[in-house]
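So the sequence shown is numbered by the working numbering: it starts at 712 and just counts up by one. Just so it is clear, CB atoms sit at the ideal spot from N, CA and C, and this is done for glycine as well. Source: prediction; values computed, not measured. Okay, so here's the structure we're looking at.
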Amino acid sequence: MGRNFYNLEQTEWAKELEANFEVIREEMISVLEKNKGHWVSPHPDYVQGEQWRTFELVFFGMKLNKNLNECPKTAELLTKIPELITADFSVLPPQTDILPHKGYSRMITRCHLPLIVPKGDLGIEVNGEKRFWEEGKLISFDDSLIHRAWNHTNEVRVVMMIDVPSENYNYTADQICRYKLENMDDPYLLKMADRASWLKMYENGEFSLM
């Protein structure tokens, strides 16, 4: 039987991220304040409040080099994660709720490395179990379960969001990325490129649409 939260903070790569979280935060603040690189503003129907923004670094195994070049130390740290699927900076604005929803696959475990956590009413709930972010302390959870997040403060909350293969299955990052791209059904992503083009970008290792 699966769990709501995991203990990936015990892995070597997670320990290194935690040890360097101030370096990561400094680079994130630079791109956030200067609006460098390419920020994405997803509009899923489960978000209430201001725009939820992400700064993509790695997307299903494809590097976003323009963004990575703005965060060279973070980029180097991400190479230490042996089975990395995705990585981005995720900005949850003040007075915003991410309503209960499920993630895209049981095959992954989602991790949050909290970079900016204001004081006040904010947190994450997975399958009825609540946790609260602490700057520099990794949280990992089963994204396929019903979960929600909220920021009822007057400041932004920022985490580095990372997906890696779930320990409950024996799939590699390569297998998960290929499966996701071969079976892509997201209208927004398919508007950007067809499945064959996505797979070609994956083979080249670079996301070249931004």
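Where residue i falls: helix, strand or coil (DSSP)
| i | result |
| --- | --- |
| S816 | coil |
| V734 | helix |
| V742 | helix |
| T883 | coil |
| C782 | coil |
| M912 | helix |
| W724 | helix |
| N776 | helix |
| L789 | helix |
| R889 | helix |
| E794 | coil |
Beta-carbon proximity of residue i to residue j, cut-off 7 Å
| i | j | result |
| --- | --- | --- |
| L833 | R859 | no |
| T785 | E738 | yes |
| W861 | D799 | no |
| C702 | S851 | Because the chain here runs from 712 to 921, residue 702 falls outside it and cannot be looked at. |
| P805 | E845 | no |
For residue i, the first and last residue of its enclosing alpha helix (DSSP H)
| i | result |
| --- | --- |
| M903 | P898 to M903 |
Residue burial classification, residue i (beta-carbon count within 10 angstroms, cutoff 16)
| i | result |
| --- | --- |
| T717 | According to the sequence provided, residue 717 is Tyr. The question's Thr does not apply to it. Buried: at least 16 other Cβ atoms inside 10 Å. |
| D874 | buried |
| P783 | exposed |
| M872 | buried |
| A730 | exposed |
| Y913 | buried |
| D854 | buried |
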